[in-house]
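Participant:
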Amino acid sequence: VDDDQFSNDIMSHYLSSWGMKCKSVTSAKDGLSALHHAKTSDKPFDVVIVDKKMPKIDGLAFSTIVKKDEDLSATKLVLITTESPNSESSGYISKPIKKSELYNSIMTAQGPSIERELVKQEDP
């Protein structure tokens, strides 16, 4: 979730290169709609990356809304910011987004379970 389409394109490229499925949106409103749609389709997002500085609903407000929503509260959030994250997020990264930092922030947000899943997929 980033109002900067160029940043969305870069992140989508990185995520796709790792075999991850992603959806990018340019507003918090569209992000919330995508989260609810994914949840009702039984395909919830594992991690949501959200920019802190966005018009209307910023990343901090978005994070708070997600964490207070009973259907979405388990969603892992990574905040794009230059400051330390608030308690609603699972991690943070800074712009310009570096591929290695994005990967590390996703792995940190997912915790040990994603590492076990990736190892399992790599085993013959």
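Under our numbering, the first residue of the sequence shown is numbered 26, with each subsequent residue one higher. Note that beta-carbon positions come from the ideal geometry of N, C-alpha and C, so glycine has one too.
According to DSSP, simplified to helix, strand and coil, what is Lys81?
Facilitator: Note: Lys81 maps to coil in three-state DSSP.
Participant: Quick check on Asp150: does DSSP put it in helix, strand or coil?
Facilitator: As displayed, the chain neither begins before 26 nor continues past 149, which places residue 150 out of reach and without an answer.
Participant: Going by DSSP, what residues sit across from Leu102 in a beta bridge?
Facilitator: Leu102 pairs with Val73.
Participant: Is the beta carbon of Ile105 closer than 8 Å to that of Val72?
Facilitator: no
Participant: For the alpha helix (DSSP H) containing Gly56, name the first residue and the last one.
Facilitator: Ala53 to Thr65
Participant: Between which two residues does the beta strand (DSSP E) carrying Leu122 extend?
Facilitator: According to the sequence shown, residue 122 is Ile rather than Leu. Where Ile122 is concerned, there is no enclosing beta strand (DSSP E), given that its DSSP letter is neither H nor E.
Participant: When you compare the stretch 116-124 with the stretch 62-71, are there three or more beta-carbon pairs, one atom per stretch, that lie closer than 8 Å?
Facilitator: no
Participant: Does any residue of chain D have a CB that is nearer than 8 Å to the CB of Thr107?
Facilitator: No chain D is present in this structure, which holds just one protein chain.
Participant: Pair every Cβ in the stretch 30-46 with every Cβ in the stretch 78-95, then say whether three or more of these pairs are closer than 8 Å.
Facilitator: no
Participant: If you follow the beta strand (DSSP E) that Gly136 is part of, which residue opens it and which one closes it?
Facilitator: Looking at the DSSP string, Gly136 is not in any beta strand (DSSP E), and its letter there is neither H nor E.
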